[in-house]
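Peer 1: Numbering (UniProt numbering), first residue to last: 1 to 896. Glycine is no exception: its CB is placed at the ideal position from the N, C-alpha and C atoms. A quick note: this is a predicted structure, and the numbers were derived from the prediction, not measured.
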Amino acid sequence: MIFLALLVLSIPVCAIAGLVLGLSARTKLEILQQRVAALESELRLARTQGHEAAPSADRAPQDTAPEAPIEEPAAQPEWPVEAPRPAVSVPTVQGTTPQPTAARQDFEEKLGARWAVWIGGVALALGGIFLVRYSIEQNLLSPATRVALGGLFALALIGAGEWLRRRERDVVLPRLPQANVPAILTAAGTCSAFASAYASYALYDLIGPATTFVLLGLIAILTMVASTLHGPILAAIGLLGAMGSPLLVSSDKPQPWALVIYLVFVVLPAYGVARLRLWRWLALAAATGVLAWTFLLFILDGTDALPAMVHLVVQAGLAAFFLVAAPYRDAADNDAETEWAASGVLFAFALAGIAISGSVIAGDGRPVFIAALALILLTTGLRFASAAPAAASAALTVAGALLVWPIRGEIGGAPEHLFYQSGDAFAVRPHALSAYLALAVLAPAAIAGSSLLRLVSRPHLRLPTAAWYAGAATVGPLLALIAAYWRVAELERSLSFALVAGILALAFTAASRWLDRRVFEEAGALRLALGATASAALAALALGLTFALDKGMLTVAFALTALGTAWVAERVAIPALRYAVGAIGLLILGRLIWDPTIVGGDPGPILFNWLLFGYGIPALAFLAASRLLERTGRDWVVRLTESLGIVFAAFLVFFEIRHALRAGDPLAATTDLLEIGLVATESLVFAIVLTRLDLRRTDPVYRWGSLIFKILSLALCAGGLLLLANPLLSDEEILGEPVFNALIPAYLLPALLAAGLALLERRSRPRWYSLSSAILSLLLLSAYLGLAIRRIFAGRQLASWVGFTQGEQWSYSVALLAIGIVLLGLGIVFNNRFARLSSAVYLVLAVLKVFIVDLANLEGVMRALSFIGLGLVLIGIGLVYQRLLARRPSDAAFPS
1 MIFLALLVLS IPVCAIAGLV LGLSARTKLE ILQQRVAALE SELRLARTQG
51 HEAAPSADRA PQDTAPEAPI EEPAAQPEWP VEAPRPAVSV PTVQGTTPQP
101 TAARQDFEEK LGARWAVWIG GVALALGGIF LVRYSIEQNL LSPATRVALG
151 GLFALALIGA GEWLRRRERD VVLPRLPQAN VPAILTAAGT CSAFASAYAS
201 YALYDLIGPA TTFVLLGLIA ILTMVASTLH GPILAAIGLL GAMGSPLLVS
251 SDKPQPWALV IYLVFVVLPA YGVARLRLWR WLALAAATGV LAWTFLLFIL
301 DGTDALPAMV HLVVQAGLAA FFLVAAPYRD AADNDAETEW AASGVLFAFA
351 LAGIAISGSV IAGDGRPVFI AALALILLTT GLRFASAAPA AASAALTVAG
401 ALLVWPIRGE IGGAPEHLFY QSGDAFAVRP HALSAYLALA VLAPAAIAGS
451 SLLRLVSRPH LRLPTAAWYA GAATVGPLLA LIAAYWRVAE LERSLSFALV
501 AGILALAFTA ASRWLDRRVF EEAGALRLAL GATASAALAA LALGLTFALD
551 KGMLTVAFAL TALGTAWVAE RVAIPALRYA VGAIGLLILG RLIWDPTIVG
601 GDPGPILFNW LLFGYGIPAL AFLAASRLLE RTGRDWVVRL TESLGIVFAA
651 FLVFFEIRHA LRAGDPLAAT TDLLEIGLVA TESLVFAIVL TRLDLRRTDP
701 VYRWGSLIFK ILSLALCAGG LLLLANPLLS DEEILGEPVF NALIPAYLLP
751 ALLAAGLALL ERRSRPRWYS LSSAILSLLL LSAYLGLAIR RIFAGRQLAS
801 WVGFTQGEQW SYSVALLAIG IVLLGLGIVF NNRFARLSSA VYLVLAVLKV
851 FIVDLANLEG VMRALSFIGL GLVLIGIGLV YQRLLARRPS DAAFPS
């Protein structure tokens, strides 16, 4: 049976080998034919040139082509794209190489050179599977024999692939895509070896988990080594098998340290093959694979994170060496461009380190782990300019670890301050905070100092590269301070952290003075560092004020940072700082979208309270920053900062209103008529101010801002004042006296402001736009007069089900006539057709009111007075129109 099995297996192998040898012979024949054709064409060309040169042999050539200068190539990173194999060419007599035209590959060539090989490989694998299945079903072979035959079959395929590779290494098919037969056979053999080893463990239990683990890893490593001869497909198979082999082996007693050692021995051949064959994708894939194994190692043993931490540090070092150090060791710093792929991998290692450090099981090894990982990233980023983002990743690693550090669980309490007073001196709290404080102080200081020294030593770095070092030197310590303040003081008032922030501000100020003495005109990197340290000093000072004051918020600190950065950018003219202001603005904008509340709880007294600090200071800071930046041009940064100033000012007024009306709770979930009216008034005031600014200088900020506030005012007035909060439809009582009450700020004031907005919009907006404001004004004015009359006659409760008196009914008719007369007078004086037409509407309403409502509800003198007053008003209006028409009969502006 073994002989028959081998005989069956030999048939497809012999068929493939014969096919390959036939193709080789055919290819060699085609190459010989091409060479003969090339020689014949060269011979004809030489004869033709000989006949042309014979008559003028004594004449000197007229034109000579100058030789092109030879330029030395600059030092480049050693990850070039692998060049295609050059086609075979034959030099001619006078240096001319004829280029044969690339013939299009026909169906026969595709079928014979590519498809047949691929289909043959698939058929070979299926044949082996079917043969093994048949032997199992018929119980012809023992498990050990099946595994042995599988191993022999794998060796046979690998040997056949190597034999064909050596026979075919001198054969080149020009411009003919072909399948790599040796690589396919070797890959099939590798897969068979993996399957045989795994079957001996999982199916037949012939070997133990440890032996299987070592055997699968050895096969994977040998596969990657063989890929240096057979191509990238085999390398991918080997890496995939190496990374996946531990998943195939299960054990009752997992050994995480053995897995750590195994992954080191697996990834080293992958990096070596990648460097040897310049396969950058293989190095990136290896780093990604071991990074994924970090979390599997972490959950493999839920009581000890040390294996995962050691694995991450070792693998981060290997990735930094093979992805950055080896290929970029000779690259020039001044012309280096950022290597985004390698920097991204190192950034992923930083994120993984932050995630692991946040676990309680990290224990006492946490600070050493974070320091080692940050040191690897920092060293890589400082030594190689192409990996400058790694320096920022180091700063992020420290800040992130401080943020997720389970310090509360280790302290066992909630200390109010970092320091406590002992006699006349301040002493650090006991050992519970010693490791945390040491990392929080030493690591950011080391990263900042080394990054600044790197900038000073290379003042001609490209600005994007210098920006990474400047960010690591300035943003890193600030983030670390914020993270420590968040975790230890829980964003409460802390004089200790304010003191630390002041010391940090002094350090940044000293660094700015030190850089200022070294800045010269061409040193763009130093000028960027100078601006960054100056801005960081202001940011640290702002943080100190925030830490020291009650209700201090990071938003206020960032707003002050934006103002300081804008001032520095205007002084030193560094474009990067201008965009830093925009970045801070975007950060705060996201903060407002996520949670608009800056100050929670009771802010304090009315008007002068913590709302002025939480919203007023950012509003002034952003408005001042926009004016500073506007001196050098009005771009998106200026518009963003100015918009943020307007938004903070609007929030300030809004929360002050709620704080005053909601008994000190600006976040209360209730509202009333007065609050809606005041907020509508606020919206109309902002719309008027922005519209007026837009009239002075057209700008999208003013145009869109006025539109937003107007839409908000329309929604509040139409949906709130006229419908939802209308006292005629609710049981809400009106505060105040019969004349001076809440109806004035709720209805009259928004009505007057809407009228003023309509007058402004006539000059810069479409007609329908201004008409909407005018109609809103009339509606609010009418509502105010009606509700004011209702308040005088009915008292505080204005609900419609209370009932109406005859005097109240007659007063409504008088109000309609009065509004109509006033509108008519305004329309005549200002020649405004809309006002005159509006007066007609009110007069029509008055007529309907008198003839329908008053006739049915009024009695006696009231009914007579109602009709008499209506008649007198209508007659008077008629006389007015007759006089005007008589004086200006050709005036088409007045209706007939």
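Do Ala540 and Ala478 count as a contact pair if the criterion is CB distance below 8 Å?
Peer 2: Reading the sequence shown from its first residue, position 478 is the one you call residue 478. Reading the sequence shown from its first residue, position 540 is the one you call residue 540. Position check: residue 478 holds Leu in this sequence, whereas Ala was assumed. For Leu478 and Ala540, yes; Cβs fall inside 8 Å.
Peer 1: Who are the near neighbours of Glu630 in its chain, counting only those whose CB is closer than 6 Å to its CB and skipping five residues on each side?
Peer 2: Locating residue 630 in the sequence shown gives position 630, where the first residue counts as 1. The residues are Val638.
Peer 1: Could you give the distance in angstroms between the alpha-carbon of Arg627 and the alpha-carbon of Thr698?
Peer 2: On the sequence shown, residue 627 is found 627 positions in, with the first residue counted as 1. On the sequence shown, residue 698 is found 698 positions in, with the first residue counted as 1. Going from the Cα of Arg627 to the Cα of Thr698 covers about 16 Å.
Peer 1: Touch check for the region 725-740 and the region 683-690: three-plus C-beta pairs under 8 Å?
Peer 2: no
Peer 1: Starting from His659, follow the alpha helix (DSSP H) in both directions and report where the run begins and ends.
Peer 2: For the purposes of this step, residue 659 is taken as residue 659 along the sequence shown, with counting starting at 1. Here the alpha helix (DSSP H) through His659 covers 636-661.
Peer 1: Can you tell me where the alpha helix (DSSP H) with Gln809 in it begins and where it stops?
Peer 2: Taking the sequence shown and counting its residues from 1, one reaches residue 809 at position 809. Run containing Gln809: 806-829, per the alpha helix (DSSP H) assignment.
Peer 1: Taking DSSP's pairing of strands, which residues face Gly736 in a bridge?
Peer 2: Position 736 of the sequence shown, counting from 1, holds the residue named residue 736. According to DSSP, Gly736 bridges with Asn741.
Peer 1: Rounded to the nearest angstrom, how far is the Cβ of Phe654 from that of Val679, given a contact under 8 Å?
Peer 2: Working through the sequence shown from its first residue, we reach residue 654 at position 654. Working through the sequence shown from its first residue, we reach residue 679 at position 679. Phe654 to Val679, Cβ: 6 Å. Contact.
Peer 1: Taking the alpha helix (DSSP H) that Thr397 belongs to, which residues open and close that run?
Peer 2: Locating residue 397 in the sequence shown gives position 397, where the first residue counts as 1. Counting along the chain, the alpha helix (DSSP H) containing Thr397 begins and ends at 389-404.
Peer 1: Relative to the C-alpha of Ala668, which candidate in Leu282, Trp340, His659 has its C-alpha closest?
Peer 2: Against the sequence shown, residue 668 aligns to sequence position 668. Cα-wise, what sits closest to Ala668 is His659.
Peer 1: Looking only at its own chain, which residues have a Cβ that is under 7 Å from the Cβ of Ala15, when we skip the five neighbours before and after it?
Peer 2: If you number the sequence shown from 1, residue 15 lands on position 15. For Ala15, the predicted structure reports a pLDDT of 44, less than 50, and the residue's modelled location is therefore unreliable. The matter cannot be settled from this model.
Peer 1: Since I believe Arg280 is in contact with Ala274 (beta carbons under 8 Å), could you give me their beta-carbon distance rounded to a whole number of angstroms?
Peer 2: Within the sequence shown, the letter at position 274 stands for residue 274. Within the sequence shown, the letter at position 280 stands for residue 280. Contact holds; Cβ gap of about 7 Å.
Peer 1: So for Gln255, helix, strand or coil by DSSP?
Peer 2: Residue numbering aside, residue 255 sits at position 255 when the sequence shown is read from its first letter. Looking at Gln255 - three-state DSSP - the assignment turns out to be coil, as it is neither helix nor strand.
Peer 1: Contact check, Gly471 vs Ala392 under 8 Å by CB: the rounded distance?
Peer 2: As a working mapping, residue 471 is identified with position 471 in the sequence shown. As a working mapping, residue 392 is identified with position 392 in the sequence shown. Right, the Cβ-Cβ distance comes to about 5 Å (below 8 Å), so this counts as a contact.
Peer 1: Rounded C-beta distance between Ala534 and Val500? I'm assuming under 8 Å.
Peer 2: Taking the sequence shown and counting its residues from 1, one reaches residue 534 at position 534. Taking the sequence shown and counting its residues from 1, one reaches residue 500 at position 500. With 8 Å as the limit, Ala534 and Val500 do not qualify as a contact, their Cβ atoms being about 20 Å apart.
Peer 1: Which one of Gly365, Gly381, Arg578 has the shortest CA to CA distance from Leu439?
Peer 2: Mapped onto the sequence shown, residue 439 falls at position 439. Nearest of Gly365, Gly381, Arg578 to Leu439, Cα basis: Gly365.
Peer 1: Tell me the residue span of the alpha helix (DSSP H) that contains Thr380.
Peer 2: For the purposes of this step, residue 380 is taken as residue 380 along the sequence shown, with counting starting at 1. Run containing Thr380: 366-383, per the alpha helix (DSSP H) assignment.
Peer 1: Here's a check: name, in chain order, each residue in its chain whose Cβ is nearer than 7 Å to the Cβ of Leu481, leaving out the five neighbours to either side.
Peer 2: Position 481 of the sequence shown holds residue 481. Counting only Cβ-Cβ distances below 7 Å, and skipping sequence neighbours, we find Val500, Ala501, Leu504, Leu543.
Peer 1: For the 8 Å Cβ check, are there 3 or more pairs between the region 258-268 and the region 306-317?
Peer 2: yes
Peer 1: Within this structure, are the beta carbons of Leu452 and Ala523 separated by less than 8 Å?
Peer 2: Counted from its first residue, the sequence shown places residue 452 at position 452. Counted from its first residue, the sequence shown places residue 523 at position 523. No, they are not a contact pair.
Peer 1: Thinking Thr561 and Leu538 are a contact (beta carbons under 8 Å), I'd like their distance in whole angstroms, please.
Peer 2: Counting from 1 along the sequence shown, the entry for residue 561 is found at position 561. Counting from 1 along the sequence shown, the entry for residue 538 is found at position 538. Confirmed, Cβ separation roughly 6 Å.
Peer 1: Would you mind reading off the limits of the alpha helix (DSSP H) that contains Pro477?
Peer 2: Counted from its first residue, the sequence shown places residue 477 at position 477. Note, Pro477: alpha helix (DSSP H), 463-484.
Peer 1: Ala372: buried (16+ other C-beta within 10 angstroms of its C-beta) or exposed?
Peer 2: Against the sequence shown, residue 372 aligns to sequence position 372. It is buried - the Cβ of Ala372 has at least 16 other Cβ atoms within 10 Å.
Peer 1: Restricting to Cα atoms, I'd like to know which of Leu515, Leu396, Thr565, Ala399 is closest to Arg454.
Peer 2: Position 454 of the sequence shown, counting from 1, holds the residue named residue 454. Per the C-alpha coordinates, the member of Leu515, Leu396, Thr565, Ala399 positioned closest to Arg454 is Leu515.
Peer 1: Assign Arg517 to one of two classes, buried (16 or more other C-beta atoms within 10 Å of its C-beta) or exposed (fewer than that).
Peer 2: Along the sequence shown, read from residue 1 onward, the residue named residue 517 stands at position 517. Its Cβ having fewer than 16 others within 10 Å, Arg517 is exposed.
Peer 1: Rounded to the nearest angstrom, how far is the Cβ of Ile588 from that of Leu644, given a contact under 8 Å?
Peer 2: What you label residue 588 is simply residue 588 of the sequence shown in a count that begins at 1. What you label residue 644 is simply residue 644 of the sequence shown in a count that begins at 1. Between Ile588 and Leu644 a beta carbon distance of about 6 Å is seen, short of the 8 Å cut, so the two are scored as contacting.
Peer 1: What does Gln797 pair with, by DSSP beta-bridge criteria?
Peer 2: In the sequence shown, residue 797 corresponds to position 797, counting from 1. The bridge partners DSSP lists for Gln797 are Glu733.
Peer 1: By the 10 Å Cβ neighbour count, where 16 or more other Cβ atoms means buried, how is Ser343 classified, buried or exposed?
Peer 2: As a position in the sequence shown, residue 343 is number 343, starting the count at 1. Buried.
Peer 1: Do Leu346 and Tyr271 have their C-beta atoms within less than 8 Å of each other?
Peer 2: Translated into positions along the sequence shown, residue 346 becomes position 346. Translated into positions along the sequence shown, residue 271 becomes position 271. No, the pair does not count as a contact, with Cβ atoms beyond the cut-off.
Peer 1: Would you identify the three-state DSSP class for Gly786, choosing helix, strand or coil?
Peer 2: As a working note, residue 786 is residue 786 in the sequence shown. It is helical.
Peer 1: To the nearest angstrom, report how far apart Leu32 and Glu339 are at their CA atoms.
Peer 2: Walking along the sequence shown from the start, residue 32 turns up at place 32. Walking along the sequence shown from the start, residue 339 turns up at place 339. Taking the straight line joining both Cα atoms gives about 46 Å.
Peer 1: Which value, in whole angstroms, describes the spacing of the CA atoms of Tyr615 and Ser770?
Peer 2: Within the sequence shown, residue 615 is the residue found at index 615, counting from 1. Within the sequence shown, residue 770 is the residue found at index 770, counting from 1. When rounded, the distance between both Cα atoms is 32 Å.
Peer 1: Please report the residue range of the alpha helix (DSSP H) in which Phe547 lies.
Peer 2: As a first step, residue 547 must be located in the sequence shown, where it is residue number 547. Per DSSP, Phe547 belongs to the alpha helix (DSSP H) from 524-548.
Peer 1: In angstroms with no decimal places, state the Cα-to-Cα distance between Leu753 and Leu620.
Peer 2: Translated into positions along the sequence shown, residue 753 becomes position 753. Translated into positions along the sequence shown, residue 620 becomes position 620. Their backbone Cα atoms lie some 25 Å apart in a straight line.
Peer 1: Within 10 angstroms of its Cβ, does Asn334 collect 16 or more other Cβ (buried), or is it exposed?
Peer 2: Taking the sequence shown and counting its residues from 1, the one referred to as residue 334 is at position 334. In summary, Asn334 is exposed, with fewer than 16 beta-carbon neighbours lying within 10 Å of its beta-carbon over all protein chains present.
Peer 1: What are the boundary residues of the alpha helix (DSSP H) that includes Thr288?
Peer 2: Position 288 of the sequence shown, counted from the start, is the residue given in the question as residue 288. Unbroken alpha helix (DSSP H) run through Thr288: 280-300.
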